[in-house]
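First comes the structure, then the notes that go with it.
Numbering (this note's numbering), first residue to last: 589 to 749.
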């Protein structure tokens with residue numbers, strides 16, 4: 589059963605004689621899988637209606653949260669290739685959700701901004717996620733938000749902390 593160690597007929601819960609329950613936290617791993625599935629489910633429905641996916645969501649989210657960020661900044665934030673970003677960004681620009689402006693000092697630099705439609709879509713994607721977070725925090729008790737923020741920050745790769 590999910591969340592439980594694999595139990596053999598003789599009661600041994602290990603592989604090759606070592607107790608794996610201390611080494612691998614399957615319960616938390618599975619909770620992450622389920623939380624991610626549900627966290628993304630509402631935006632997925634909204635995105636699908638526009639022919640977009642989660643990559644579009646991430647790009648739109650970060651451009652909306654940091655107006656004027658450059659393409660290089662976005663590549664660094666998302667840790668994706670230029671090729672991956674180019675396709676998604678082109679679709680968002682062509683659909684009228686993001687516009688790019690040449691940089692004031694370097695005309696080759698591209699600064700990204702959400703359009704009015706882009707802001708509206710970014711908000712529509714964030715609202716159900718925000719509600720889901722608020723409901724989970726309400727069930728988690730006082731101080732949960734700070735604890736969860738520290739935990740999630742700790743889960744990020746060290747160079748991002």
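Think of the CB as a built atom: it goes at the ideal place given N, C-alpha and C, for glycine as much as any other residue. Quick caveat: nothing in here was measured; it's all calculated off a predicted structure.
Taking the alpha-carbon of residue 695 as reference, which of 719, 669, 659 has the nearest alpha-carbon? On the chain shown, residue 695 is found 107 positions in, with the first residue counted as 1. Nearest option by C-alpha distance: 659.
Please classify residue 725 as buried or exposed, where buried requires at least 16 neighbouring CB atoms within 10 angstroms. As a working note, residue 725 is residue 137 in the chain shown. Residue 725 is exposed by the Cβ-count criterion.
Opposing strand residues paired with residue 688 [DSSP bridges]: The residue you call residue 688 lines up with position 100 of the chain shown. Paired residue(s): 700.
For residue 753, report the span of its alpha helix (DSSP H) as first-last. As shown, the chain starts at 589 and ends at 749. That puts residue 753 outside it, with no answer to give.
With 9 Å as the threshold, decide whether the Cβ of residue 618 is near any Cβ in chain B. Of the chains in the structure shown, none is chain B; there is only one protein chain.
Between the Cα of residue 634 and the Cα atoms of 708, 738, 739, which residue gives the shortest distance? As a working mapping, residue 634 is identified with position 46 in the chain shown. Checked all of 708, 738, 739; the closest Cα to residue 634 is 708.
Measuring only the C-alpha atoms, how far is residue 703 from residue 611? By one-based count along the chain shown, residue 703 stands at place 115. By one-based count along the chain shown, residue 611 stands at place 23. Between residue 703 and residue 611, the alpha-carbon positions lie close to 48 Å from each other.
According to DSSP, is residue 658 part of a helix, a strand, or is it coil? Numbered from 1 along the chain shown, position 70 holds the residue referred to as residue 658. Of the three classes helix, strand and coil, the one that applies to residue 658 here is strand, per DSSP.
Cβ separation of residue 627 and residue 717, assumed to be a contact under 8 Å, to the nearest whole Å: As a position in the chain shown, residue 627 is number 39, starting the count at 1. As a position in the chain shown, residue 717 is number 129, starting the count at 1. Confirmed, Cβ separation roughly 6 Å.
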